[in-house]
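Reviewing the structure listed below.
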Amino acid sequence: MAVPNTNIFIADLPMEVDDDMLKKVFGEYGTVTWSRVFDSGGKPNKAAIVEFADIEEAKWCVENLDGNIPQGLSTPVKVMFKRSNDGGKGYGGGGKFGSSNNPFVYGKASIGGGGSNAFSPYAKGKG
42 MAVPNTNIFI ADLPMEVDDD MLKKVFGEYG TVTWSRVFDS GGKPNKAAIV EFADIEEAKW
102 CVENLDGNIP QGLSTPVKVM FKRSNDGGKG YGGGGKFGSS NNPFVYGKAS IGGGGSNAFS
162 PYAKGKG
């Protein structure tokens, strides 16, 4: 679970929700300092991030709106604290693309003539 902060992530928003509607709906629960609705990307619903002026406003939304229908909407939404961007985003952490510190290496490749079947003008046994 993410650490409580002023930013909340909202999932399962109806397709008709846009930036203005999002501000109006969540403005009823606190002072919205920033918000954004994300394109559905082909999914049947949308997602958004809302930043409140006060952590208590964000906390109230997570505790009371998660799994419920906010005023102004017609379907239940998922509400959680937005995860922090630090940690796990750098290169070399053994994440999705291997553990190299080189940002241009996306996997484990054989360097220098190992057991590779790739073409090389310096292949073993030639010469």
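In this text, residue positions in the sequence shown follow the numbering used here: the first is 42, and each later residue adds one. Backbone N, C-alpha and C fix where the C-beta goes; we use that ideal spot for every residue, glycine too. Predicted, not measured: the structure shown is a model, and the values here were computed from it.
DSSP places L54 within a strand segment (E or B) once states are collapsed to three.
In the DSSP assignment, E104 falls outside any beta strand (DSSP E) and lies within the alpha helix (DSSP H) extending over 96 to 106.
Beta-carbon to beta-carbon, G68 and D95 are separated by about 13 Å, too far to satisfy the 8 Å threshold.
About 5 Å separates the CB atoms of V120 and L106; that is less than 8 Å, so the two are in contact. Per DSSP, the beta-bridge partners of R77 are I90.
Counting C-beta atoms within 10 angstroms of its own C-beta, I49 has 16 or more neighbours from the protein chains shown and is therefore classed as buried. Here V44 is exposed. Its C-beta has fewer than 16 other C-beta atoms within 10 Å. K123 sits in coil when the DSSP states are folded into three classes, being neither helix nor strand.
In this model, K64 and E104 are separated by some 19 Å (Cα to Cα). V66 carries a helical assignment under DSSP once its states are collapsed to helix, strand and coil.
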